[in-house]
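What follows is a set of notes on a single structure, which appears directly below.
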Amino acid sequence: MMVTVTGGSSSGKSEFAENKLIELCKTKEKHNKLYYIATMEPYGEEAVKRIKRHRQMREGKGFITIECYNDIDRCRLDSKSNVLLECMSNLAANEMFMDGIMDKHVVYDKICNGIDRLKDITSNLVIVTNEIFDDGIVYDKSTMEYIELLGMLNQYIANISDSIIEVVYSCPCYIL
10 MMVTVTGGSS SGKSEFAENK LIELCKTKEK HNKLYYIATM EPYGEEAVKR IKRHRQMREG
70 KGFITIECYN DIDRCRLDSK SNVLLECMSN LAANEMFMDG IMDKHVVYDK ICNGIDRLKD
130 ITSNLVIVTN EIFDDGIVYD KSTMEYIELL GMLNQYIANI SDSIIEVVYS CPCYIL
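For reference, each letter of the sequence shown is one residue, going 10 to 185 in our numbering.
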């Protein structure tokens, strides 16, 4: 099962996604490993605080954390495991800007290939992404390219997901 969880900043989507993956694991006969692929790099005080809060939220839930800021296809996971990828917006930014500005189409293909691999080897895959498209502001060229990339990635994962859920103020809205 593949589930996409989306929502705005601080909407409650991360906690919802964790609980959704745990719920999906209970529907299977065999409880395989729970992996949390963390894509947020600890740059700055705010990022460190957010990472700490997320670690506390999943404490005691059985997740094995893999910090993977880019190249998600290199994550080594047990076959038929359960994976939470948190989050697509960080992964896209890391891939696009880590070594200068990369072409959004190259980054798109790279990330989609990684997602396809994860989907193929997992029992359950939950991907968290962000809604960053509503502010109406026109940004500089590289930021607009990033926003377009995230939009393309969100469309891709939505098209291959079994379920799509938007979390608004901690309330899930089931889209598919």
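A virtual CB, placed ideally from N, CA and C, is assigned to each residue, including glycine.
Within its chain, find whatever has a CB closer than 6 Å to the CB of threonine 74; leave out the 5 residues flanking it on each side and keep chain order.
Result list for threonine 74: Tyr45 and Ala47, in chain order.
Determine the contact status of serine 172 and leucine 159, defining contact as a CB-CB distance below 9 Å.
Not a contact, by the Cβ cut-off of 9 Å.
Helix, strand or coil for methionine 105, going by three-state DSSP, please let me know.
DSSP places methionine 105 in helix when its eight states are reduced to three.
Check each candidate in Gly109, Lys89, Asn41 and Ala102 and name the one with the smallest Cα separation from leucine 127.
Taking only the C-alpha atoms, the option nearest leucine 127 is Lys89.
Taking the runs of the alpha helix (DSSP H) that are 4 residues or longer, which of them lie wholly in the segment 29-100?
Listed in chain order, they are 53-67.
For valine 176 versus serine 18, is the C-beta spacing smaller than 9 Å?
Not in contact: valine 176 and serine 18 (Cβ atoms no closer than 9 Å).
Per DSSP, what kind of secondary structure is valine 115 in: helix, strand or coil?
Helix, per DSSP.
Is asparagine 139 helix, strand or coil when you go by DSSP?
Of the three classes helix, strand and coil, the one that applies to asparagine 139 here is coil, per DSSP.
When the Cα atoms are used, what is the spatial distance from aspartate 149 to lysine 113?
Roughly 15 Å between the two C-alpha positions.
So what does isoleucine 173 bridge to, in DSSP terms?
Isoleucine 173 pairs with Thr13.
By the 10 Å Cβ neighbour count, where 16 or more other Cβ atoms means buried, how is glutamate 55 classified, buried or exposed?
Glutamate 55 is exposed by the Cβ-count criterion.
Work out the CA separation of glycine 109 and threonine 138 for me, nearest whole Å.
Taking the straight line joining both Cα atoms gives about 23 Å.
Check each candidate in Pro181, Met111 and Val135 and name the one with the smallest Cα separation from leucine 30.
For leucine 30, the nearest C-alpha among the options comes from Val135.
Sort Leu93, Met153, Asp129 and Ile169 by Cα distance to lysine 22 and report the nearest one.
Residue Leu93 is the option with its Cα nearest to lysine 22.
Could you tell me if valine 116 is buried or exposed, where buried requires 16 or more neighbouring beta carbons within 10 angstroms of its beta carbon?
The residue in question, valine 116, is buried, as its Cβ has 16 or more Cβ neighbours within 10 Å.
So the candidates are Gln164, Gly69, Cys96 and Ser132; which of them puts its Cα closest to the Cα of leucine 86?
Nearest option by C-alpha distance: Ser132.
If you draw a straight line from the alpha carbon of arginine 67 to that of glutamate 27, how long is it in whole angstroms?
Each residue's Cα considered, the two are about 7 Å apart.
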